[in-house]
Amino acid sequence: MILQFVPPPSPRRDGSLSCDDVAQALPAWLDGEIDAGEAKEIQQHLRYCPHCREVETRERAALSQLKSALHAACPDRCPSEALAARVGAALRSTRAEMRWEARRTAFGLTSLHAFALRWAPLGVVASLLGVVLFSPRAGSTSTAVVEESVRQHAKNLPIEVRASDADELGRWFSGKLDFGFRAPPVHAHALRLLGARLSHVRDHTAAQFVYEGTGGRRCSLMVYEDPTGVQGVESVRIGPHTAYAGRAKGFNAVYWADGPLVYSMVCNDSVERIVEWLAR
Amino acid sequence: MLSFKTSVPPKDTFSELTLPYMSSLYSAALRLTGDPAAAEDLVQDTYIRAIRFFDHFQQGTNIRAWLFTILTNTFINSYRKESRERAHVAKDLDLHEAEERLRTEDAAVSLDGGAGVPSIDVRLSDEVRKALSELSDDFRTVVVLVDLYDFSYAEVAQMIQRPIGTVMSRLFRARRQLQNKLRDYAVSEGVIRPQTAAAGADGGDVHDIREGRERRSRRAAGGEA
């Protein structure tokens, strides 16, 4: 424990407390934060000192009034149903992530070790080649936004509400999210809107729109609130916005900020194709 | 041999232990952040961190204090009002609306005779919330935890990761600031006379508000009769 307790009031030569000692210890005494021995000494002083007794009575009343005023002004408020639902959804999603992480740790490490030992020499050569060939673009494909939105997309979780109209889905989200938004228009022939679900990106509650692309490929558009914006290296234009592209787990993601909202489109297709769909 | 041991807590245990505190956590978050939307985010973040670190919680110890520790840490690290204010000027509007709504709820139970004028209790509560929101984040955090949620100095010291002496000095200074602001309010309302306020400057002020209020309401009742 890093803590030290309330400094004890220093006794006078005769062992009893002075009025100054009592005044100094008074706030902690009123909060019941003085240990039994010291409390006894203060009690003894108060018994024989009308001045300190008066101060103690006044301070006790003032503190009690302040506390009642605070309690009256700030009673416990019931959380809204929307918050309870949000917390429930966040907990379900976090549990799923934790289960996935636990499995990855349980299975991944041992096979990874064996793999690493066998292919280490080749890995060193490949890394050196990688450094030589791709160093100017290092870091451009591994941002938190990309990894998190790809992770959510790759879970392939069931759609919570099915509709092909973005506005109708937008209405479904109102009350479930504490931000309003419109899904950006996409190329209707290339991407068919299937529905939506509540999701999470980097601890933010997110709206996830699920589309079906050419050849039955599933794509997700994540929308969440993050006023700190986004950063990236590989930039592309989406309408008036500067967007960035990234890649994780075999998926491409194109993401951009629009005011306080962040949009991230994830698909198993090329960045050019994704940009083309969104540019509509 | 692979180990299938997982740190995902059993759903029932976690939910049963933590969900009953959502209203306390939300209310405290509302006081700390001063912004309903930020308060909801803070509660959600608290629960996400709580489930992630649930294996650090020692069963049988105080779950309420543990949850408040996470809430306070998360607030200090990510939600401090001073840092949010720069990014979220527009959210003040939300807070104003929320306080207005809460004020209306308070008024619904404490208006006398449905006259449509907020009673002095309601106005005093407005003033208390205002005074609380004007404290610095450090002072408000300590006064909220000790005076509203009854945590001990030692518990708060652990929550804010500062020595007990710091908790004490922040608490006493925060209380003094609140008392001074409420005394100024009482003077401006004519509940107490300036000289009484000056005499009671060392702490008898809030007590005076109540006495003055009772005197005033007795006078008002007599006048109407």
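Each protein sequence line maps, in turn, to chains A and B.
Quick note: the first sequence uses the working numbering, first residue 31, plus one each step.
Quick note: the second sequence uses the working numbering, first residue 173, plus one each step.
The C-beta atom is built at its ideal place from N, Cα and C for all residues, glycine as well.
message = Just list the residues that DSSP pairs Cys297 (chain A) with in beta bridges.
response = Partner residues in the beta bridge of Cys297 (chain A), as assigned by DSSP, are A:Cys249 and A:Asn282.
message = So with CB distances below 9 Å, who are the chain A contacts of Met194 (chain B)?
response = Listed along chain A, the residues sitting closer than 9 Å to Met194 (chain B) by beta-carbon distance are Cys108, Pro109, Leu113, Ala114 and Val117.
message = So for Leu221 (chain A), helix, strand or coil by DSSP?
response = Shown here, Leu221 (chain A) sits in coil according to DSSP, grouped into three states, outside any helix or strand.
message = Looking at the secondary structure, which residues open and close the beta strand (DSSP E) in which Val318 (chain B) lies?
response = Under the DSSP assignment, Val318 (chain B) falls outside any beta strand (DSSP E); it carries neither an H nor an E label.
inquiry  = Assuming Val284 (chain A) and Val266 (chain A) are in contact, meaning their beta carbons sit under 8 Å apart, how far apart are those beta carbons, in whole angstroms?
reply    = The distance from the Cβ of Val284 (chain A) to that of Val266 (chain A) is about 7 Å, consistent with a contact at the 8 Å cut-off.
task = Can you give me, in chain order, the residues of the segment 43-64 of chain A that have a beta carbon less than 8 Å from any beta carbon in chain B?
result = Correct list: Pro57, Ala58, Asp61 and Glu63.
key: Alpha-carbon spacing of Pro257 (chain A) relative to His101 (chain A), whole angstroms   = Computed Cα separation, rounded: 33 Å.
task = Report yes if the C-beta distance between Arg342 (chain B) and Val314 (chain B) is below 8 Å; otherwise report no.
result = Contact flag set, yes.
request  = Output yes if chain B places a C-beta closer than 8 Å to the C-beta of Ala144 (chain A); else output no.
outcome  = At Ala144 (chain A), the pLDDT of 49 sits below 50, so the modelled position is not reliable; the number obtained from the coordinates is stated separately. For Ala144 (chain A), the answer is no, since every Cβ of chain B falls outside 8 Å of its Cβ.
key: Where Asp310 (chain B) falls: helix, strand or coil (DSSP)   = Looking at Asp310 (chain B) - three-state DSSP - the assignment turns out to be helix.
ask   = Which residue or residues does DSSP assign as beta-bridge partners of Arg227 (chain A)?
value = Arg227 (chain A) pairs with A:Gln238.
key: Local Cβ density within 10 Å of Gln95 (chain A), reported as buried at 16 or more and exposed below that   = Flag for Gln95 (chain A) reads buried.
query = Can you tell me whether Cys297 (chain A) is buried or exposed, with buried defined as 16 or more other CB within 10 angstroms of its CB?
reply = Classified as buried, Cys297 (chain A) has 16 or more neighbouring CB atoms from the shown chains inside 10 Å of its CB.
query = By how many angstroms is the C-alpha of Ala226 (chain A) removed from the C-alpha of Arg192 (chain A)?
reply = In a straight line, the C-alpha of Arg192 (chain A) is about 7 Å away from that of Ala226 (chain A).
ask   = chain B partners of Thr124 (chain A), CB-CB under 8 Å?
value = In chain order: Ile220, Ile223 and Arg224.
task = Determine whether the Cβ of Phe344 (chain B) lies closer than 8 Å to any Cβ atom of chain A.
result = Under the 8 Å criterion on CB atoms, Phe344 (chain B) is classed as interfacial with respect to chain A.
request  = State the DSSP-derived secondary structure class of Ala303 (chain B), mapped to helix, strand or coil.
outcome  = Here DSSP, grouped into helix, strand and coil, assigns Ala303 (chain B) to helix.
ask   = To the nearest angstrom, how far is it from the Cα of Pro182 (chain B) to the Cα of Tyr219 (chain B)?
value = Between Pro182 (chain B) and Tyr219 (chain B), the C-alpha separation is close to 15 Å.
query = In terms of DSSP beta bridges, what is Glu85 (chain A) paired with?
reply = Looking at the sequence itself, residue 85 (chain A) is Val, so the reference to Glu does not match. Per DSSP, none; premise fails for Val85 (chain A).
inquiry  = Closest to Ala209 (chain B) by C-alpha separation, out of A:Asp208, A:Asp233, A:Ile72 and A:Val176, would be which residue?
reply    = Considering only A:Asp208, A:Asp233, A:Ile72 and A:Val176, the residue with the shortest C-alpha distance to Ala209 (chain B) is A:Asp208.
request  = With a threshold of 16 other CB atoms inside 10 Å of the CB of Asp197 (chain A), please say whether the residue is buried or exposed.
outcome  = So Asp197 (chain A) ends up on the exposed side.
request  = Pick helix, strand or coil for Ala20 (chain A), following the three-state DSSP scheme.
outcome  = Given a span of 31 to 310 for chain A in the structure shown, any question on residue 20 (chain A) remains unanswerable.
request  = Within 10 angstroms of the Cβ of Gly262 (chain A), are there 16 or more other Cβ atoms? Answer buried if so, exposed if not.
outcome  = Buried is the label assigned to Gly262 (chain A), since at least 16 other Cβ atoms lie within 10 Å of its Cβ.
key: chain A contacts made by the segment 317-328 of chain B, where a contact means CB separation under 9 Å   = Result list: Val318, Asp319, Leu320, Ser324, Tyr325 and Ala326.
Chain B residues whose Cβ lies nearer than 7 Å to that of Asp233 (chain A) = What Asp233 (chain A) touches in chain B: Asp217 and Ile220.
message = Just to confirm before moving on: does the CB-CB distance between Thr241 (chain B) and Met331 (chain B) stay below 8 Å?
response = It is a contact, given that the beta carbons lie within the stated cut-off.
C-beta contact flag for Ala237 (chain B) and Glu361 (chain B) at 8 Å = The Cβ atoms of Ala237 (chain B) and Glu361 (chain B) lie no closer than 8 Å to each other.
ask   = Does any CB atom of chain A fall closer than 8 Å to the CB of Leu202 (chain B)?
value = True, the Cβ-Cβ gap to chain A drops below 8 Å.
key: Asp208 (chain A) at chain B interface by Cβ criterion, 8 Å   = Residue-level contact by beta carbon holds for Asp208 (chain A) and chain B, with a gap shorter than 8 Å.
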